[in-house]
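Its first residue numbered 390, the sequence shown is counted upward by one per residue in the working numbering.
All residues carry an ideal CB built from backbone N, CA and C; glycine is no exception.
Since this is a predicted model, take the numbers as computed values, not measurements.
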Amino acid sequence: MTQLETERLIMRTLCTDDLEWLVTMRGDADVMRYIGGEGAVSRERTVERVARYLQCWNEHGLGMFGVRFRGEDEAVGWAGLQPLEETGEIEVGYAFGRTAWGRGLATETARAALEWGFRERGLERIVAVASPENAASRHVMDKLGMKYEGIRFRYGTDCAYHSITAKAFAEHSAQAAARAR
Ligand SMILES: CC(C)(COP(=O)(O)OP(=O)(O)OC[C@H]1O[C@@H](n2cnc3c(N)ncnc32)[C@H](O)[C@@H]1OP(=O)(O)O)[C@@H](O)C(=O)NCCC(=O)NCCS
390 MTQLETERLI MRTLCTDDLE WLVTMRGDAD VMRYIGGEGA VSRERTVERV
440 ARYLQCWNEH GLGMFGVRFR GEDEAVGWAG LQPLEETGEI EVGYAFGRTA
490 WGRGLATETA RAALEWGFRE RGLERIVAVA SPENAASRHV MDKLGMKYEG
540 IRFRYGTDCA YHSITAKAFA EHSAQAAARA R
């Protein structure tokens with residue numbers, strides 16, 4: 390099992406123990422509004438999805454993490470890295486239950502996933518895609534220093550496509566650290 394830690398959060402490899410809260414979160418049409426294209430997701434589809442998350446970890450040595458505040462059992466969302474179905478490029482993804490929105494959790498977890506992908510998994514480049522209307526998600530990508538490259542067809546639809554290289558991420562992180570001093 391892989392575990393990442395951030396200032397506020399613990400990120401742990403998703404597993405079958407995570408099924409129930411995923412069923413609840415993925416069953417919320419607001420959470421799924423811009424993901425998957427079908428709105429609220431059934432238990433059956435989430436069972437299939439969890440199996441794919443496990444397969445992803447086994448095949449690629451990377452995948453999605455369940456996210457919890459330190460010291461708390463209840464998961465607040467999921468985030469991590471996975472290959473894009475169409476191209477095999479590695480994308481960073483994130484989604485949180487509604488009560489967790491607006492607290493910087495997507496930015497914090499996506500940053501941790503990028504750092505892990507570049508430093509520990511040796512990736513050269515990571516992409517992110519979002520519905521063009523998903524302004525909050527696109528803003529997260531901007532905050533991470535991910536460059537907008539235009540609209541690309543991914544997941545069967547037009548997506549805003551962003552990317553960042555290992556070098557650009559290191560520079561962006563160094564600038565952010567300098568600003569914080
Ligand atoms: C998109 C999502 C992951 C953002 O998570 P979050 O933890 O609230 O994100 P953060 O707080 O780290 O950052 C969001 C930023 O977008 C801003 N934002 C929120 N709604 C916005 C909107 N409608 N338009 C523009 N910016 C918006 C926030 O103010 C914040 O920016 P700031 O830190 O400069 O104030 C969350 O809303 C979610 O889980 N949505 C459902 C699943 C989803 O769409 N996932 C992404 C798929 S690509």
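Nearest C-alpha to MET414 among THR405, ALA566, GLY466, GLU538: GLY466.
With 16 or more other CB atoms across the displayed protein chains lying within 10 angstroms of its CB, TYR483 is buried.
In this structure the stretch 451 to 463 does not lie against the stretch 514 to 523, because fewer than three pairs of beta carbons, one per stretch, are closer than 8 Å. Taking 8 Å as the upper bound for CB-CB distance, GLU560 and TYR550 are not in contact here, some 21 Å apart.
In the DSSP assignment, MET400 forms a beta bridge with LEU393, VAL456. One thing to note: PHE485 has its Cβ no nearer than 7 Å to the Cβ of LEU473. With fewer than 16 other CB atoms across the displayed protein chains lying within 10 angstroms of its CB, GLY511 is exposed. Distance from the C-beta of GLY545 to the nearest heavy atom of ligand 1 is not below 6 Å.
Taking 7 Å as the cut-off, the Cβ atoms of ALA502 and GLY469 count as close. Taking VAL529 as reference, the option from SER552, ARG541, TYR544 with the minimal CA-CA separation is SER552. Across the structure, GLU427 and THR554 are spaced so that their CA atoms are roughly 32 Å apart. Beta-carbon to beta-carbon, LEU403 and GLY452 are separated by about 7 Å, close enough to satisfy the 8 Å threshold.
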